[in-house]
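Residue numbers (my numbering): 70 to 673. A virtual CB, placed ideally from N, CA and C, is assigned to each residue, including glycine. Report on the structure given below.
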């Protein structure tokens with residue numbers, strides 16, 4: 070019974086097709102020139118996406134064709150009155166059609182799909198995804214779904230980078246580099262955060278951080294930011310009036326303690342947001358109805374909640390990206406504890422339902438909203454309890470924004486730097502660092518996965534928790550495993566097994582005991598000598614220091630499991646079952662395969 074068998078899955082066919090012709094490796098200067106092109110395309114994509122959102126918003130809320138819309142300012146009530154509840158429903162139906170028909174990858178909040186492409190699809194993202202994602206997300210956001218801009222623009226930029234790399238037939242690691250450069254460039258152009266864009270690519274996407282991967286990301290991000298300055302100007306994403314104050318003393322100790330408490334609360338809130346979103350994304354498909362009906366149910370709730378806030382406050386707080394509410398809090402507008410609390414939980418609910426029901430958009434902007442309301446809430450309560458200690462709700466809101474973003478995504482440095490770039494308020498940098506660190510620690514204590522990776526884990530597409538590694542560790546086991554494997558019964562005489570190994574040129578022997586894998590035998594280069602093992606069976610030589618991994622596991626995962634369990638051998642199967650059978654074995658990863666992967670990466 071041989072373990073070598075034909076691979077017929079669509080993913081295997083994709084892998085075989087991408088291997089022909091042989092991939093090319095480009096020099097670092099050429100990669101930087103290509104990164105300039107990626108940055109230009111990402112900036113153009115961010116600009117088009119921005120205007121698409123404005124166009125859709127004006128059409129759905131006011132019935133006009135215009136691209137003039139300032140998301141940071143509250144606007145007049147919609148001329149459609151209560152019928153505005155149907156805006157996200159109608160927009161959502163269009164989104165469902167686009168996603169189902171042209172690009173299923175465009176569903177959801179974008180970043181998990183990019184991470185999936187890096188670790189499970191060799192960095193391949195179809196070019197059509199950029200187009201469909203732009204349209205679908207612009208319609209979702211513009212029509213009032215409670216989602217953000219960053220996920221879509223990251224996926225759009227990544228799609229551009231991947232498409233260029235695939236067109237040039239680049240090696241895998243360079244394809245992933247351009248993909249990450251496109252993602253970082255997209256987010257930098259959208260929020261005017263060049264450092265934040267670079268750090269996001271480094272913390273969340275790049276498996277390897279070195280000159281050969283880091284430089285193209287920096288070049289693409291700088292290019293995109295420069296072009297976005299020409300279109301959108303130099304202003305930060307949010308204006309922070311308190312940033313202009315000259316501070317001449319250290320942060321008040323009572324305030325500092327409150328900032329630490331805010332970090333802990335942000336960690337708990339990040340955990341709650343992750344759980345609610347994951348629950349909603351599983352709940353709607355489990356209803357057993359088609360995608361269109363799921364959308365109608367979810368978006369009626371989203372539209373109804375936004376209209377309820379309008380009825381009582383005069384603004385559609387939870388609709389769209391919510392920047393106007395954030396800016397209003399930063400401006401120092403008086404918000405009551407009750408209203409801030411309702412906005413906090415209302416946004417968690419609206420975003421979870423929007424994405425669960427099929428909207429296309431990100432979770433970064435909702436995280437900013439949740440953080441701003443949570444921080445504002447702590448600031449208001451702190452001011453009540455300690456009126457003489459200078460509590461400012463706006464400053465606590467900025468820190469809360471960074472803390473929830475850091476806690477939810479796990480990208481601590483990205484959160485710290487991006488919020489500083491988005492507000493340019495250096496006065497709160499110490500509380501910012503403290504609160505983000507506490508938030509990330511508390512969230513990781515409550516749940517190991519972040520808001521991006523939990524979606525992949527729940528669908529069986531795990532990415533390594535430690536993503537700073539070498540590019541060769543991103544390759545899947547099926548690409549590296551030795552396939553000259555023979556399954557032999559445990560009671561077979563050793564001499565008979567040796568004869569089979571010699572005749573069929575087998576490299577690895579897996580020992581089967583009935584319907585279970587008993588272990589392996591490593592014959593090495595021992596020549597066949599008659600009667601050397603007379604009277605012995607494979608049971609006498611079988612070794613059990615092995616791990617079992619599915620063929621779609623990446624090498625980093627396989628090696629980590631081998632290290633944790635003190636093993637030196639990995640048996641690769643075509644099933645994710647915890648108790649695989651001998652028939653499931655498709656290959657083996659031993660020292661030779663690992664060494665080959667390292668060598669091929671070094672000279673790529």
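ask   = Mapping DSSP to helix, strand and coil, what is residue 124?
value = In the chain shown, counting from the first residue as 1, residue 124 sits at position 55. Three-state DSSP puts residue 124 in a helix.
request  = Quick one: give me the first and last residue of the beta strand (DSSP E) that residue 581 is part of.
outcome  = Locating residue 581 in the chain shown gives position 512, counting from the first residue. Taken as a continuous stretch (DSSP letters only), the beta strand (DSSP E) holding residue 581 covers 577–582.
task = Tell whether a beta-carbon distance below 8 angstroms holds between residue 172 and residue 428.
result = The count along the chain shown starts at 1 and reaches residue 172 at position 103. The count along the chain shown starts at 1 and reaches residue 428 at position 359. Cβ atoms of residue 172 and residue 428: not closer than 8 angstroms.
key: Inter-residue spacing [alpha-carbon to alpha-carbon] between residue 345 and residue 527   = As a first step, residue 345 is located in the chain shown; it is residue number 276 there, counting from the start. As a first step, residue 527 is located in the chain shown; it is residue number 458 there, counting from the start. Cα-Cα distance, rounded: 14 angstroms.
task = Report the three-state DSSP secondary structure of residue 146 (helix, strand or coil).
result = Residue mapping note: residue 146 aligns to position 77 of the chain shown, counting from 1. If DSSP states are grouped into helix, strand and coil, residue 146 belongs with coil.
Cβ-based neighbour list, residue 462, same chain, cut-off 6 angstroms, excluding 5 preceding and 5 following = Taking the first residue of the chain shown as position 1, residue 462 is located at position 393. A distance below 6 angstroms between beta-carbons, with the five flanking residues on each side excluded, links residue 462 to the following residues of its chain, in chain order: 445, 448, 449.
query = So, helix, strand or coil for residue 315, using DSSP?
reply = Position 246 of the chain shown, counted from the start, is the residue given in the question as residue 315. Coil at residue 315, not helix or strand.
inquiry  = I'd like the span of the alpha helix (DSSP H) that includes residue 421, first residue to last.
reply    = For the purposes of this step, residue 421 is identified with residue 352 of the chain shown, where counting begins at 1. Residue 421 -> alpha helix (DSSP H) spans 406–425.
ask   = Is DSSP giving residue 241 helix, strand or coil here?
value = By one-based count along the chain shown, residue 241 stands at place 172. Shown here, residue 241 sits in a helix according to DSSP, grouped into three states.
request  = Give the range of the beta strand (DSSP E) segment to which residue 558 is assigned.
outcome  = Position 489 of the chain shown, counted from the start, is the residue given in the question as residue 558. For residue 558, the enclosing beta strand (DSSP E) covers residues 554–558.
query = According to DSSP, which residues form a beta bridge with residue 68?
reply = Because the chain is modelled from 70 through 673, residue 68 falls outside the range shown and cannot be assessed.
ask   = In terms of residues, what are the limits of the alpha helix (DSSP H) holding residue 290?
value = For this step, residue 290 is matched to residue 221 along the chain shown. Note, residue 290: alpha helix (DSSP H), 280–301.
key: Distance between residue 391 and residue 426 (C-alpha atoms, nearest Å)   = Position 357 of the chain shown holds residue 426. Position 322 of the chain shown holds residue 391. One C-alpha to the other measures close to 19 angstroms.
request  = Just the C-alpha distance for residue 424 and residue 337, rounded to the nearest angstrom, thanks.
outcome  = As a first step, residue 424 is located in the chain shown; it is residue number 355 there, counting from the start. As a first step, residue 337 is located in the chain shown; it is residue number 268 there, counting from the start. Residue 424 and residue 337 have their alpha carbons spaced roughly 21 angstroms apart.
ask   = Between the C-alpha atoms of residue 630 and residue 616, what's the straight-line distance to the nearest angstrom?
value = By one-based count along the chain shown, residue 630 stands at place 561. By one-based count along the chain shown, residue 616 stands at place 547. Rounded to whole angstroms, residue 630 to residue 616 spans 7 angstroms at the Cα level.
key: Range covered by the alpha helix (DSSP H) that runs through residue 393   = For the purposes of this step, residue 393 is taken as the residue at position 324 of the chain shown. In the DSSP assignment, residue 393 falls within the alpha helix (DSSP H) that extends over 392–399.
query = Taking all protein chains shown into account, do 16 or more other C-beta atoms lie within 10 angstroms of the C-beta of residue 571, making it buried, or fewer, making it exposed?
reply = If you number the chain shown from 1, residue 571 lands on position 502. Counting of Cβ neighbours within 10 angstroms places residue 571 among the exposed residues, the total staying below 16.
inquiry  = With a threshold of 7 angstroms on Cβ separation, who are the neighbours of residue 272 within its own chain once the five nearest residues in sequence on each side are excluded?
reply    = The residue you call residue 272 lines up with position 203 of the chain shown. Its chain contains 480, 482, 483 as the residues whose beta carbon lies nearer than 7 angstroms to that of residue 272, once the 5 sequence neighbours on both sides are disregarded; these appear in chain order.
task = Under 8 angstroms by Cβ, that's how I've got residue 274 and residue 187 pegged, so tell me the actual separation to the nearest angstrom.
result = For the purposes of this step, residue 274 is identified with residue 205 of the chain shown, where counting begins at 1. For the purposes of this step, residue 187 is identified with residue 118 of the chain shown, where counting begins at 1. The pair is a contact, with the Cβ atoms about 6 angstroms apart (cut-off 8 angstroms).
ask   = Taking residue 522 as the reference, which of 347, 100, 297 has the closest Cα?
value = For the purposes of this step, residue 522 is identified with residue 453 of the chain shown, where counting begins at 1. Proximity to residue 522 across 347, 100, 297 peaks at 347, based on C-alpha coordinates.
key: Assigned secondary structure, residue 634 (DSSP; H/G/I helix, E/B strand, else coil)   = Working through the chain shown from its first residue, we reach residue 634 at position 565. Residue 634: coil per DSSP, three-state reduction.
query = Going straight from the alpha carbon of residue 613 to that of residue 544, what length do you get?
reply = Against the chain shown, residue 613 aligns to sequence position 544. Against the chain shown, residue 544 aligns to sequence position 475. Rounded to whole angstroms, the separation of the alpha carbons of residue 544 and residue 613 is 25 angstroms.
key: Cβ pair count under 8 angstroms reaching 3, the region 367–379 against the region 140–160   = Yes, the region 367–379 touches the region 140–160.
ask   = Does DSSP put residue 606 in a helix, in a strand, or in coil?
value = Taking the chain shown and counting its residues from 1, the one referred to as residue 606 is at position 537. Assignment of residue 606 by DSSP, reduced to helix, strand and coil, places it in the strand class.
query = Do residue 332 and residue 508 have their C-beta atoms within less than 8 angstroms of each other?
reply = Counting from 1 along the chain shown, the entry for residue 332 is found at position 263. Counting from 1 along the chain shown, the entry for residue 508 is found at position 439. Cβ atoms of residue 332 and residue 508: closer than 8 angstroms.
C-alpha distance - residue 594 paired with residue 112, whole-angstrom precision = Here residue 594 refers to the residue found at position 525 of the chain shown. Here residue 112 refers to the residue found at position 43 of the chain shown. With a pLDDT of only 47 at residue 594, under 50, the local geometry of the prediction cannot be trusted, and the value read off the model is given with reservation. Each residue's Cα considered, the two are about 57 angstroms apart.
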